[in-house]
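Colleague: Here the protein sequences line up with chains A and B, keeping their order.
Quick note: the first sequence uses the UniProt record's numbering, first residue 1, plus one each step.
Quick note: the second sequence uses the UniProt record's numbering, first residue 1, plus one each step.
There are 2 protein chains.
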Amino acid sequence: MNKLSVIKIGGNVIDNSAKLHQFLLDFTALPGDKILIHGGGKIATELGDSLGVTAKMVDGRRITDIETLRIVTMVYAGLINKNMVAQLQAKGCNAIGLTGADGNIIKAVKRPVKDIDYGFVGDLDASSVSSATLDSLLKAGMVPVLCAITHDGDSQLLNTNADTIASAVAVAMSSSYETSLVYCFEKRGVMLDVDDDTSLVSEIRMHEFDQLKEEGVVSGGMIPKLHNAFEAIKSGVAAVYIGKADELAQIDQQNFGTRLIK
Amino acid sequence: MNKLSVIKIGGNVIDNSAKLHQFLLDFTALPGDKILIHGGGKIATELGDSLGVTAKMVDGRRITDIETLRIVTMVYAGLINKNMVAQLQAKGCNAIGLTGADGNIIKAVKRPVKDIDYGFVGDLDASSVSSATLDSLLKAGMVPVLCAITHDGDSQLLNTNADTIASAVAVAMSSSYETSLVYCFEKRGVMLDVDDDTSLVSEIRMHEFDQLKEEGVVSGGMIPKLHNAFEAIKSGVAAVYIGKADELAQIDQQNFGTRLIK
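See below:
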């Protein structure tokens, strides 16, 4: 099977043009087939503020009302995605920028209203992803760049968590590619000591996860992150990496972040 | 050669949701391979007004400064393009929404500064179009939906005239498809009497164009429109149609607008 890297970057890279430039260079240099998935960043919030659309929160959770959906569609699918594609093209990477609506690549389901109405938010799993369409783009020599917008197949665009998209895409592609899923975030990976940058845990096997939780090495927001990563591995993803965008160039030398394997 | 329709719609359709819905139904029903190209509409102007970015004009010509480029990128490539794609998908058309940066489909040149600096505006011709990439998308069963944003190949997005894109795409695709170029606009086509809707000229051959200009049947803004249409025909496009979006469904019965041929 050919190798495929599914790489997710978040707002901390997108909001910093120097970091983004370096990341896109490193991404372009990665060998093999690849797919980039990006979240939002501060720009959508700033545009909302300029337009007098304030982020609606219910019980601490962000709600995507129709005005917010318009804004994230403009910012994620327009401004961020297209500028990223233009930059990748200039660096020699044949990027093609997409939402889940394009080519029906990701058909999500509007989150059902229970206690909270989250508005126009899409939920999905690997079965929501059209791996055949992504495969045909890869085979045509293109590099899909997906933003965090999907659709419901019935004309409605939906705001969707970029981590979830990355995981679902990686699982769906695992049937035809040896797929690595790479989450770039603020930290170097799982650290034995959060204050010591050299205390990186380079590899965690699935059976070690419970022990690391007990020992408190993995705690807080890292627990659901790693839980989801191991779920992806159970579903066929070869390896999940969690690390710092700045260090992506070292992934080939197995020297990037924390590597999660079976 | 397979047949291909390259269809351009403008703001009058985009700004009217009932019209747009019907147009997208008719577009979906068209047989054969097809490409949709869309312009802007009022939404970009409205967003600019809300953000306090007023359209800059020099000698009556619109200037695309960096703020305006941000707005058209958000509105054309994000809001309009992605909502159109989601609607087409719901109607059974496997649309994929793109700018010229995506897959390097259209590499334009920033308009040189002479008397006027138009800002971030891209000029192009058929050689700017990667017909191989469009062809691979069509062969993969997708329907490209292009907005009026291109790039320069050096990271810069550019605002580009949608009519020009439509013409350049049609000419570029003519080497591998029997291509029709269809401009949808406000009127039924070339009229003998502007006030008489039944006075439609159904067909104009290239050698008749000069005579129609002399007789005043073709005048004003219609002259450059038809001139450009015949240039496309000289460059290999099989036929150019100019007509009303509402009547697109009749194009199969050769009963749509004014048909321009060699």
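Ideal placement from N, C-alpha and C gives every residue a C-beta, glycine not left out.
1) Would you check if the distance between the CB atom of residue 257 (chain A) and the CB atom of residue 236 (chain A) is smaller than 8 Å?
2) Distance check for residue 160 (chain A) and residue 147 (chain A), CA to CA, integer angstroms please.
3) Taking a Cβ distance cut-off of 7 Å, strictly less, list which residues of the stretch 72–90 of chain A are near chain B, in chain order.
4) Do you know offhand how far residue 19 (chain B)'s Cα is from residue 88 (chain B)'s?
5) In terms of DSSP beta bridges, what is residue 99 (chain A) paired with?
6) For the beta strand (DSSP E) holding residue 136 (chain A), just list the boundary residues, first then last.
7) On the DSSP bridge list, what partners appear for residue 38 (chain B)?
8) So, with DSSP's three-state summary, where would you put residue 198 (chain B)?
9) Going by alpha carbons, who is nearest to residue 143 (chain A) out of A:250, A:154 and A:84?
10) I'd like to confirm the pairing. Which residues does DSSP put opposite residue 122 (chain B) in its beta bridges?
11) If you draw a straight line from the C-alpha of residue 54 (chain B) to the C-alpha of residue 166 (chain B), how long is it?
12) I need the boundaries of the alpha helix (DSSP H) containing residue 157 (chain B), first residue and last residue.
13) Any C-beta of chain A sitting closer than 8 Å to the C-beta of residue 16 (chain B)?
14) Residue 94 (chain A) touches chain B at which residues, Cβ-Cβ below 7 Å?
15) Assuming residue 226 (chain A) and residue 218 (chain A) form a contact by the criterion Cβ under 8 Å, report the distance between their Cβ atoms to the nearest whole angstrom.
16) Which residues does DSSP pair with residue 191 (chain B) in a beta bridge?
17) I'd like to know whether the C-beta of residue 126 (chain B) is nearer than 8 Å to at least one C-beta of chain A.
18) Please check the pair residue 170 (chain A) and residue 181 (chain A), which I expect to be a contact at CB under 8 Å, by giving their CB distance rounded to whole angstroms.
19) Below 8 Å on C-beta distance, what does residue 156 (chain B) contact in chain A?
20) Who are the neighbours of residue 70 (chain A) on chain B, taking C-beta pairs under 7 Å?
21) Answer yes or no: does any C-beta atom of chain D fall closer than 8 Å to that of residue 99 (chain B)?
22) Cβ of residue 26 (chain A) within 8 Å of Cβ of residue 239 (chain A)?
23) Pull up the CB-CB distance for residue 140 (chain B) and residue 199 (chain A), whole angstroms please, since I reckon it's below 8 Å.
24) I'd like to confirm something about residue 35 (chain B): is its beta-carbon nearer than 7 Å to some heavy atom of the ligand GTP, or not?
25) What residues from chain A crowd round residue 50 (chain B), counting only those whose CB sits closer than 9 Å?
26) Which residue's Cα is closest to the Cα of residue 246 (chain B): B:44, B:189 and B:175?
27) Determine the closest residue to residue 101 (chain A) out of B:173, B:191, B:93 and B:251, with distance taken between C-alpha atoms.
28) For the 8 Å Cβ check, are there 3 or more pairs between the stretch 60–69 of chain B and the stretch 62–70 of chain A?
29) Got a sec: which bits of the stretch 136–165 of chain A sit with their beta carbon under 7 Å from any beta carbon on chain B, in order along the chain?
30) Going by DSSP in three states, residue 238 (chain A) sits in which element: helix, strand or coil?
31) Only counting the same chain, and skipping five residues up and downstream in sequence, which positions put a Cβ closer than 8 Å to that of residue 203 (chain A)?
32) Give the secondary structure of residue 164 (chain B) by DSSP, where H, G and I count as helix, E and B as strand, and everything else as coil.
33) Does the Cβ of residue 287 (chain B) have 16 or more other Cβ atoms within 10 Å, making it buried, or fewer, making it exposed?
34) What three-state label does DSSP hand residue 17 (chain B) in the structure shown?
35) Going straight from the alpha carbon of residue 109 (chain B) to that of residue 82 (chain B), what length do you get?
36) What are the boundary residues of the beta strand (DSSP E) that includes residue 178 (chain A)?
Modeller: Put simply:
1) no
2) 9 Å
3) 73, 74, 75, 77, 78, 79, 82, 83, 85, 86, 87, 89 and 90
4) 14 Å
5) According to DSSP, residue 99 (chain A) bridges with nothing at all.
6) Segment 131–139 is the alpha helix (DSSP H) holding residue 136 (chain A); no beta strand (DSSP E) there.
7) B:9 and B:147
8) coil
9) A:84
10) B:110
11) 28 Å
12) That residue, residue 157 (chain B), is in no alpha helix (DSSP H); its beta strand (DSSP E) goes 157–159.
13) no
14) 103 and 104
15) 6 Å
16) B:200
17) no
18) 4 Å
19) 86
20) 79
21) Considering every chain present, this structure includes no chain D. Its protein chains are A and B.
22) no
23) With 8 Å as the limit, residue 140 (chain B) and residue 199 (chain A) do not qualify as a contact, their Cβ atoms being about 47 Å apart.
24) Among the components of this structure there are no ligands whatsoever, and the ligand GTP is therefore not found.
25) 50, 51 and 52
26) B:189
27) B:93
28) no
29) 136, 140, 142, 149, 151, 153, 154, 155, 156 and 157
30) coil
31) 258, 259, 260 and 261
32) helix
33) Missing from the structure shown is residue 287 (chain B); chain B here goes from 1 to 262 and no further.
34) helix
35) 25 Å
36) 178–185
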